[in-house]
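A.B. asks: Encoded as structure tokens, here's the structure I'll be asking about.
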Amino acid sequence: MEELIRTFIAVEISKSVRDQISRLEQHLRKEGAKVGWVRPENLHLTLKFLGNVQSVRIEDVVGATQDAVQGIKPFALFFSGLGAFPSLKRPRVIWIGVEEGAVSLGRIQKELEEKLFQRGFAREEREFSPHLTIGRVKSQKGIGGLVSKLEKTQFESEKMWVEQIVVMRSDLKPTGAVYTPLGVCQLV
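Take the sequence shown: its position 132, counted from the start at 1, is 274 in this note's numbering, and no numbers get skipped.
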């Protein structure tokens, strides 16, 4: 039987920005809300989640990603602001917004959708909204303190440079997701 690989395409986050976000998470954790915080080493900005992909199609995904980044130069990325999906009133996902670099991310994501569609992959229905997921709310009980803290907390990352896009494998383990690069596509 063909192996299925849980696959996504993403921008990896620099160590210094991950460290900043780790400090932010520690600050937010103090509220004691039931949130699954993303481990610093797993922080990434998803451009396209593909779900389960047959192992023989991974080459197509890497090829489409390579085609999508053709002619796109490295660019600066800067994160700012905190929010939640679907809203701060009933948060399920806690995120940090993209201040600088959103246009370039949008261009890459649009190209990815097109190149993957040409290879038989489904298009994303929702409009792309660049963000960095830092936590997933497990229970709405006792969430008020965290929401209040999110509303009051200012966050701005240092600038990082996006020089590559990575096709990743995601293996879900009891201890959390483990990500393994399947292909790296350089911006030049």
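We put the CB at the ideal spot given by N, CA and C, even for glycine. No experiment lies behind these values; they were computed from the predicted model shown.
Under 8 Å between the Cβ atoms of Met310 and Ala152?
C.D. replies: As a working mapping, residue 310 is identified with position 168 in the sequence shown. As a working mapping, residue 152 is identified with position 10 in the sequence shown. Yes; because the gap between Cβ atoms is below 8 Å, this pair is in contact.
A.B. asks: CA-CA distance, Ser229 and Trp237?
C.D. replies: Walking along the sequence shown from the start, residue 229 turns up at place 87. Walking along the sequence shown from the start, residue 237 turns up at place 95. So the alpha carbons of these two residues sit roughly 11 Å apart.
A.B. asks: Do the segment 286-304 and the segment 207-222 make contact, defined as three or more Cβ pairs closer than 8 Å?
C.D. replies: Counting Cβ pairs under 8 Å, three or more are found: they touch.
A.B. asks: Short check: CB of Ala175 to CB of Leu314, under 8 Å?
C.D. replies: Sequence index remark: in the sequence shown, residue 175 carries index 33 (1-based). Sequence index remark: in the sequence shown, residue 314 carries index 172 (1-based). Result no, Cβ atoms of Ala175 and Leu314 do not sit closer than 8 Å.
A.B. asks: Between which two residues does the alpha helix (DSSP H) containing Lys294 stretch?
C.D. replies: Against the sequence shown, residue 294 aligns to sequence position 152. Where Lys294 is concerned, the enclosing alpha helix (DSSP H) stretches over Gly286 to Lys294.
A.B. asks: Measuring alpha carbon to alpha carbon, tell me which of Phe297, Arg232, Lys190 and Gln296 ends up nearest Glu269.
C.D. replies: Translated into the one-based positions of the sequence shown, residue 269 becomes position 127. Among Phe297, Arg232, Lys190 and Gln296, the Cα nearest to that of Glu269 belongs to Lys190.
A.B. asks: Below 8 Å between beta carbons: does that hold for Ile276 and Glu167?
C.D. replies: Within the sequence shown, the letter at position 134 stands for residue 276. Within the sequence shown, the letter at position 25 stands for residue 167. Against a cut-off of 8 Å, the Cβ pair of Glu167 and Ile276 comes out as a contact.
A.B. asks: How would you label Ser222, buried or exposed, when you count the other beta carbons within 10 angstroms and need 16 or more for buried?
C.D. replies: Counted from its first residue, the sequence shown places residue 222 at position 80. Label assigned to Ser222: exposed.
A.B. asks: Flag this pair as yes or no: are the beta carbons of Asn194 and Ile147 separated by less than 8 Å?
C.D. replies: Position 52 of the sequence shown, counted from the start, is the residue given in the question as residue 194. Position 5 of the sequence shown, counted from the start, is the residue given in the question as residue 147. In this structure, Ile147 lies closer than 8 Å to Asn194 by Cβ.
A.B. asks: Could you check the C-alpha separation between Phe297 and Gln196 for me, to the nearest Å?
C.D. replies: Along the sequence shown, one-based indexing puts residue 297 at 155. Along the sequence shown, one-based indexing puts residue 196 at 54. Rounded to the nearest angstrom, the two C-alpha atoms are 39 Å apart.
A.B. asks: I believe Ile307 touches Thr207 by the beta-carbon criterion, under 8 Å. Please report the beta-carbon distance rounded to the nearest angstrom.
C.D. replies: One-based indexing of the sequence shown puts residue 307 at position 165. One-based indexing of the sequence shown puts residue 207 at position 65. Indeed, because the Cβ distance is near 6 Å, the residues count as touching under 8 Å.
A.B. asks: To the nearest angstrom, how far is the alpha carbon of Gly213 from that of Leu258?
C.D. replies: Looking up residue 213 in the sequence shown gives position 71. Looking up residue 258 in the sequence shown gives position 116. Cα to Cα, Gly213 sits roughly 17 Å from Leu258.
A.B. asks: Name the DSSP beta bridge partners of Ala319, please?
C.D. replies: Counted from its first residue, the sequence shown places residue 319 at position 177. DSSP lists Leu314 as partners of Ala319.
A.B. asks: Could you check which residue in Trp179, His273, Glu201 and Val180 has the C-alpha nearest to that of Phe227?
C.D. replies: Numbered from its first residue, the sequence shown carries residue 227 at position 85. Of the candidates Trp179, His273, Glu201 and Val180, the one whose C-alpha sits nearest the C-alpha of Phe227 is His273.
A.B. asks: So the candidates are Lys291, Val177, Arg181 and Val204; which of them puts its Cα closest to the Cα of Arg278?
C.D. replies: Mapped onto the sequence shown, residue 278 falls at position 136. For the residues Lys291, Val177, Arg181 and Val204, the minimum Cα distance to Arg278 belongs to Val177.
A.B. asks: Could you please give me the residues that DSSP links to His186 through a beta bridge?
C.D. replies: Here residue 186 refers to the residue found at position 44 of the sequence shown. Bridge partners of His186: Glu154.
A.B. asks: Lys294 to Ser271, Cα distance in whole Å?
C.D. replies: Working through the sequence shown from its first residue, we reach residue 294 at position 152. Working through the sequence shown from its first residue, we reach residue 271 at position 129. When rounded, the distance between both Cα atoms is 23 Å.
A.B. asks: For Glu256 and Glu266, which I take to be in contact (beta-carbon distance under 8 Å), what is that distance rounded to the nearest angstrom?
C.D. replies: Here the question's residue 256 lines up with position 114 in the sequence shown. Here the question's residue 266 lines up with position 124 in the sequence shown. Between Glu266 and Glu256 the Cβ distance is about 11 Å, and since that is not below 8 Å, they are no contact.
A.B. asks: Are the beta-carbon atoms belonging to Ile200 and Leu324 less than 8 Å from one another?
C.D. replies: Here residue 200 corresponds to residue number 58 of the sequence shown, with the count starting at 1. Here residue 324 corresponds to residue number 182 of the sequence shown, with the count starting at 1. Yes. Within cutoff.
A.B. asks: Would you mind working out which of Arg261, Tyr321, Ile250 and Arg171 sits nearest Gln328, comparing C-alpha positions?
C.D. replies: Residue 328 sits at position 186 when you count from the first residue of the sequence shown. Taking only the C-alpha atoms, the option nearest Gln328 is Ile250.
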